[in-house]
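Chemist: Using full-length UniProt numbering, read the sequence shown as starting at 1 and increasing by one per residue.
Below: one structure in structure tokens.
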Amino acid sequence: AATAAEAARAARALLDELAPAAVRPRPGEKPDGRSPAGAGDEAFSIGYGRARAGLDGIRRSHQEARQALTLGRRLRGPGHLTGFDDLGIYRLIFAAEALPELRAFHAETLDTLLGYDRRHGADLVRTLDAFFRANCSPKEAASILSVHRNTVLYRLDRIADITGLALDDPDVRLRLQLSLRIHLALFGDE
1 AATAAEAARA
11 ARALLDELAP
21 AAVRPRPGEK
31 PDGRSPAGAG
41 DEAFSIGYGR
51 ARAGLDGIRR
61 SHQEARQALT
71 LGRRLRGPGH
81 LTGFDDLGIY
91 RLIFAAEALP
101 ELRAFHAETL
111 DTLLGYDRRH
121 GADLVRTLDA
131 FFRANCSPKE
141 AASILSVHRN
151 TVLYRLDRIA
161 DITGLALDDP
171 DVRLRLQLSL
181 RIHLALFGDE
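This is the structure we're talking about:
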């Protein structure tokens, strides 16, 4: 009898072999797996759970696979392979999705910026996300956004002014990063 670890390795090897063909762009699709506007159906996505033994294990793995599929589509769009173990902090956010406190935390932290972006056609939330993804380097964030470093610095000042939050405070940074991840997990890339 195979152990759970051996079964997981075998399942992962099978998925690695099958998924590239499953998510390969079809004729008329962009390389990222998204169909051009008006092209029709969505690209094929795969979510998978952990290898588990027994009927209860299969049920749990199925739930994990559904969660991986849902979050994979929200976070990365269609046409991707996403494993439950790859979700990291998003697993916790997804598990707490129904809690009013999670949504309140998100709203208290990001609603002001999201509203500002909508009203002014600004890119402050995207700038903040790029800043964190660049390990808080304005230069790297500018590269990600294809803007000048001074543009990023100006936007970060605007973010601090609008939110009243000090971006040099590690606790504030954690709060903002978590709120951005909650936003992605709950709403995708809206």
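Even for Gly, the Cβ is constructed at its ideal location relative to N, Cα and C.
#1: Run through DSSP, which three-state label would Gly47 get?
#2: The alpha helix (DSSP H) spanning Gly88 covers which residue range?
#3: Please report the distance separating the alpha-carbon of Ala51 from that of Arg76.
#4: Can you give the beta carbon distance from Ala65 to Tyr48, rounded, assuming they're within the 8 Å contact cut?
#5: If contact is defined by three or more beta carbon pairs under 8 Å, each pair taking one atom from either stretch, is the segment 80-90 in contact with the segment 106-114?
#6: Would Gly188 and Arg118 be called neighbours here (beta carbons separated by less than 8 Å)?
#7: Apart from the five residues just before and just after His62, which ones in its own chain have a Cβ nearer than 8 Å to its Cβ?
#8: So, does the segment 154-167 touch the segment 125-136, judging by three or more C-beta pairs under 8 Å?
#9: Return the chain-ordered list of same chain residues with a C-beta closer than 6 Å to the C-beta of Pro36, the five sequence neighbours on each side being excluded.
#10: If you run the structure through DSSP and keep just helix, strand and coil, what is Leu167?
#11: Quick one: Cα of Ala107 to Cα of Arg181, how far?
#12: Can you name the residues that DSSP bridges to Leu81?
#13: Which residue wins for smallest C-alpha separation from Arg175, given the options Ala122, Ile46, Ala104?
Modeler: On the basis of the data shown:
#1: Residue 47 sits at position 47 when you count from the first residue of the sequence shown. Strand, per DSSP.
#2: Locating residue 88 in the sequence shown gives position 88, counting from the first residue. Premise fails: Gly88 is in no alpha helix (DSSP H) and is neither H nor E.
#3: What you label residue 51 is simply residue 51 of the sequence shown in a count that begins at 1. What you label residue 76 is simply residue 76 of the sequence shown in a count that begins at 1. Straight-line Cα distance between these residues: approximately 23 Å.
#4: The residue labelled residue 65 in the question sits at position 65 within the sequence shown. The residue labelled residue 48 in the question sits at position 48 within the sequence shown. Yes, they are in contact, since the Cβ atoms of Ala65 and Tyr48 sit about 5 Å apart, within 8 Å.
#5: No, the segment 106-114 does not touch the segment 80-90.
#6: As a first step, residue 188 must be located in the sequence shown, where it is residue number 188. As a first step, residue 118 must be located in the sequence shown, where it is residue number 118. Between Gly188 and Arg118, the C-beta spacing is not below 8 Å.
#7: Locating residue 62 in the sequence shown gives position 62, where the first residue counts as 1. Cβ neighbours of His62 beyond the five flanking positions: Gly49.
#8: By the C-beta criterion, the segment 154-167 is judged to be in contact with the segment 125-136, since at least 3 inter-stretch pairs fall below 8 Å.
#9: By 1-based counting over the sequence shown, the position of residue 36 is 36. Because Pro36 carries a pLDDT of 44, less than 50, the predicted location of this residue cannot be relied on, and no value is offered for it.
#10: Within the sequence shown, the letter at position 167 stands for residue 167. Here DSSP, grouped into helix, strand and coil, assigns Leu167 to coil.
#11: Stepping through the sequence shown from its first residue, residue 107 is reached at position 107. Stepping through the sequence shown from its first residue, residue 181 is reached at position 181. Roughly 13 Å separates the two Cα atoms.
#12: Counting from 1 along the sequence shown, the entry for residue 81 is found at position 81. Under DSSP, Leu81 shares a beta bridge with Ile46.
#13: As a working note, residue 175 is residue 175 in the sequence shown. The residue with the shortest Cα to Cα distance from Arg175 is Ala104.
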